[in-house]
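Structure first, commentary second.
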Amino acid sequence: MAKLLRSRDRILIGLAVLGDILDKLMPDRNARLQILGLGCYTPPGYRKRSLHTAVSRLLKTGLISKAIKNGEAVWELTGAGKNQLQRSFPLLNWQKKKWDGWWRIVIFDIAVTKNWLRDKLRRKLNELGFGQWQASVYVSPHDVAEDMKEFLASEKLSGQASVLVTRELWPENPEKIERMWQLDQLNRQYQSVVDFREKNKSGLDERKVRWLISRYLQAVEADPFLPKEFLPQPWFGETARKVFHRLHFITHVRQEV
Numbered sequence: 067m068a069k070l071l072r073s074r075d076r077i078l079i080g081l082a083v084l085g086d087i088l089d090k091l092m093p094d095r096n097a098r099l100q101i102l103g104l105g106c107y108t109p110p111g112y113r114k115r116s117l118h119t120a121v122s123r124l125l126k127t128g129l130i131s132k133a134i135k136n137g138e139a140v141w142e143l144t145g146a147g148k149n150q151l152q153r154s155f156p157l158l159n160w161q162k163k164k165w166d167g168w169w170r171i172v173i174f175d176i177a178v179t180k181n182w183l184r185d186k187l188r189r190k191l192n193e194l195g196f197g198q199w200q201a202s203v204y205v206s207p208h209d210v211a212e213d214m215k216e217f218l219a220s221e222k223l224s225g226q227a228s229v230l231v232t233r234e235l236w237p238e239n240p241e242k243i244e245r246m247w248q249l250d251q252l253n254r255q256y257q258s259v260v261d262f263r264e265k266n267k268s269g270l271d272e273r274k275v276r277w278l279i280s281r282y283l284q285a286v287e288a289d290p291f292l293p294k295e296f297l298p299q300p301w302f303g304e305t306a307r308k309v310f311h312r313l314h315f316i317t318h319v320r321q322e323v
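So this note's numbering is basically just the index in the sequence shown, starting at one, shifted up by 66.
Right, dumping it as structure tokens:
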């Protein structure tokens, strides 16, 4: 995704990612959500005042809901919050999809006098998980051709950019794909989550819990969620996710909001 996560984004992704994981730990939805202190989704050292501001805005805009049950705060993504998350981070929905075998290619030629427009296009490409094949050529295995067409049309770029869909991309080799999406670096991020948990099997205090969650969300933020056939082996992304499936310390995270 390669997006700079705001506190709002971290809370939304945290509720979606860890909330989904907690589904498997706690069948009782109310009990499950009561343990989610939203402060655990922010980086260590994050100011509590900033967290309160972010949460207040999320509540005001209806992206999350809050209820008090058994004296504890219960937080949950609303339908609007899930829709916002899907619009802001569409890649989260594609991580489990099987590749359809097609490549989406975007080629553009925008005048250097319009650098602001080139930067806007690149941000959109990164948001949709494209990798840079070469200068002004980006590729993606995700089904985002229509999304790109709509974006280019809305920005009046149809005469300066093209969207191609093809089954063959040459040379399609692991080294090229690794460089485009920096998969080795991403894999090391996920591995650091796994290694950290292995080194702290005896227990984790609150500070370590926050670091671990923050580290995992940083990796999720950068992950283009490529089809499995393009990932280096061993791939620690799934292993890091399973680490969270086994977490019991999450129930001890202190409420901060």
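Ideal Cβ positions, reconstructed from N, Cα and C, are used throughout, including at glycine.
**Prompt:** Cβ of Gly225 less than 7 Å from any chain B Cβ?
**Reply:** Annotation note: the requested chain B is absent from the structure, which comprises a single protein chain.
- Query: Span of the alpha helix (DSSP H) holding Leu259?
  - Reply: Here residue 259 is Val; the residue named in the question, Leu, does not match the sequence. Here the alpha helix (DSSP H) through Val259 covers Leu249 to Lys265.
Go ahead and label Ala306 buried or exposed: buried means 16 or more other beta carbons lie within 10 angstroms of its beta carbon, across all protein chains shown. Classification of Ala306: buried, given that the 10 Å Cβ count is 16 or more.
**Report entry** Span of the beta strand (DSSP E), counted from its first residue to its last, around Ser206
**Finding:** Unbroken beta strand (DSSP E) run through Ser206: Val203 to Ser206.
| query | Apart from the five residues just before and just after Gln150, which ones in its own chain have a Cβ nearer than 8 Å to its Cβ? | reply | If we look at Gln150 and ignore the five residues flanking it on each side, its Cβ neighbours are Leu78 and Leu129.
(request) In the DSSP assignment, find the unbroken beta strand (DSSP E) run with Phe174 in it and report its ends. (result) Its beta strand (DSSP E) spans residues Trp169 to Phe174.
Buried versus exposed, by CB contacts within 10 Å (16 or more), His318
Below a pLDDT of 50, predicted positions are generally treated as unreliable, and His318, at 39, falls in that range; the measurement from the model is reported next regardless. Exposed, since its Cβ has fewer than 16 Cβ neighbours within 10 Å.
ask   = Excluding five sequence neighbours on each side, which residues of the same chain lie with their C-beta closer than 6 Å to the C-beta of Pro290?
value = Result list for Pro290: Gly195 and Trp247, in chain order.
| request: Taking all protein chains shown into account, decide if Pro207 is buried (16 or more other Cβ within 10 angstroms of its Cβ) or exposed. | output: Pro207 comes out buried.
Can you look up Trp141 in the DSSP assignment and give me helix, strand or coil? Residue state, collapsed to three classes: strand.
Inset, instruction - On the DSSP bridge assignment, give the partners of Gln200 in chain order. - result: In the DSSP output, where bridge partners are listed per residue, Gln200 has Val203.
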